[in-house]
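Student: Numbering follows the numbering used here, with no gaps: position 86 of the sequence shown is 161.
Using N, Cα and C, we set each Cβ at its ideal position, and we do this for glycine too.
Computed from a predicted model, the values in this text were never measured in an experiment.
Just dropping this structure here.
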Amino acid sequence: MQDNPNLKKSGAIAAVVIAALLVLAKWATPQNQPVTAEDLPATDDVVIEEVDPAAVELSADATVKPKTAAPTSKLMPVPPALAAVAPKVETTAQTSASAASRVETVTAAVSQWAKCWSNQDVACYLAAYSTIFAPENGSSLDNWKKTRTSKLTAPKSIALELGPLQFLENTSTEVAVQFEQAYRSPTYADNSLKTLVLMKESSGWKIIREASVARP
C-alpha cells in the first residue's frame with residue numbers, strides 16, 4: 076500500500092500548528108499553568124462608558140480632546156436696572172448747605188406762624204398746621220380748631236414775642252425747634268418754653284406737634 080503524499084503533508088501542518096499553540100500557551104501562562112475560565116476577566120467587571128460626541132472637540136492634529144466647561148460664577152448677576160442706579164450720597168458740604176437752607180426756611184415758617192397769631196388771622200394761623208396735626212391735649216383736630224379760633228378772635232389785641240430758635244432736630248423731612256415765647260393780651264399774659272415739630276409737605280413746612288411748658 077503506497078503512502079498518500081497529501082495526507083502526510085496535512086499531518087505535518089497539523090503538527091506544526093499544535094506545537095505553535097503549545098508554545099504560545101506556555102509563554103502567556105505564568106509558571107506554565109494552563110489557561111482556565113477563571114483567568115478570564117468577568118464581563119461584570121468591564122465598564123463601558125458612552126461618550127457624548129458633543130462633549131468632545133477635534134484639535135488641529137485630529138486628536139480628541141474633551142471640551143472644558145466654562146467656569147460658572149457663584150455670584151448672582153446684578154440686574155441691569157439696579158446696576159444703573161447709583162446711590163445718591165451728599166458730601167459734608169452739601170449736607171451742611173441743606174441743613175442751613177432748612178434752618179432759614181423753617182425760621183421763616185415759624186415767624187409767619189407767629190405773625191398770623193399776633194394779627195389774629197385765623198385762616199393764616201391754622202394754615203401753618205398740617206392736616207395730621209395731633210393736638211397736645213388729645214382732642215380731635217376739629218375741636219382744637221374751634222378752640223383756637225375762639226382764643227384768637229376773643230382778645231382785642233395779641234402781642235407775641237419769640238426768642239431765638241434752637242434746632243433740636245434737622246432732617247430733610249422733619250425739624251424740631253424750641254424757643255422762649257412771651258404772650259400778651261389785654262386780659263392775659265404768660266411766658267412759656269414752646270416746642271414745635273414741623274414736617275415737610277408739598278405746600279411747605281407744617282406743624283404736626285407742639286408742646287408748651289409754662290415759665291414762672
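Touching or not, the region 254-261 and the region 274-283, by the rule of three or more beta carbon pairs under 8 Å?
Tutor: no
Student: Skipping 5 residues on each side, what residues in its chain have a beta carbon closer than 7 Å to that of residue 157?
Tutor: In the sequence shown, residue 157 corresponds to position 82, counting from 1. Residue placement at residue 157 is flagged as unreliable, the pLDDT there being 34, under the threshold of 50; a coordinate-derived value is accordingly withheld.
Student: Under 8 Å by Cβ, that's how I've got residue 237 and residue 189 pegged, so tell me the actual separation to the nearest angstrom.
Tutor: The residue labelled residue 237 in the question sits at position 162 within the sequence shown. The residue labelled residue 189 in the question sits at position 114 within the sequence shown. Contact between residue 237 and residue 189 holds: CB atoms are separated by about 6 Å, below the 8 Å threshold.
Student: Restricting to Cα atoms, I'd like to know which of 180, 240 and 209 is closest to residue 286.
Tutor: As a working note, residue 286 is residue 211 in the sequence shown. For the residues 180, 240 and 209, the minimum Cα distance to residue 286 belongs to 209.
Student: Residue 291: which of 214, 247 and 268 sits nearest, CA to CA?
Tutor: In the sequence shown, counting from the first residue as 1, residue 291 sits at position 216. Taking only the C-alpha atoms, the option nearest residue 291 is 268.
Student: Determine the direct distance from the alpha carbon of residue 251 to that of residue 270, and round the result to whole angstroms.
Tutor: Reading the sequence shown from its first residue, position 195 is the one you call residue 270. Reading the sequence shown from its first residue, position 176 is the one you call residue 251. Approximately 7 Å between the Cα atoms of the pair.
Student: What number of angstroms, rounded off, separates the C-alpha of residue 214 from the C-alpha of residue 172?
Tutor: Looking up residue 214 in the sequence shown gives position 139. Looking up residue 172 in the sequence shown gives position 97. Residue 214 and residue 172: Cα-Cα distance of roughly 38 Å.
Student: Start and end of the alpha helix (DSSP H) containing residue 200?
Tutor: In the sequence shown, residue 200 corresponds to position 125, counting from 1. Residue 200 -> alpha helix (DSSP H) spans 197-201.
Student: Skipping 5 residues on each side, what residues in its chain have a beta carbon closer than 7 Å to that of residue 232?
Tutor: What you label residue 232 is simply residue 157 of the sequence shown in a count that begins at 1. Residues 260 and 261 of the same chain have their beta carbon placed closer than 7 Å to that of residue 232, with the five preceding and five following residues left out of the count.
Student: What is the DSSP secondary structure of residue 215, counted as helix, strand or coil?
Tutor: Counting from one through the sequence shown, the residue named residue 215 turns up at place 140. Residue 215: coil per DSSP, three-state reduction.
Student: Can you tell me whether DSSP reads residue 231 as helix, strand or coil?
Tutor: Here residue 231 corresponds to residue number 156 of the sequence shown, with the count starting at 1. Residue 231 falls in the coil class under three-state DSSP.
Student: If residue 283 and residue 205 are in contact, beta carbons under 8 Å, what's the gap, nearest whole angstrom?
Tutor: The count along the sequence shown starts at 1 and reaches residue 283 at position 208. The count along the sequence shown starts at 1 and reaches residue 205 at position 130. With 8 Å as the limit, residue 283 and residue 205 qualify as a contact, their Cβ atoms being about 5 Å apart.
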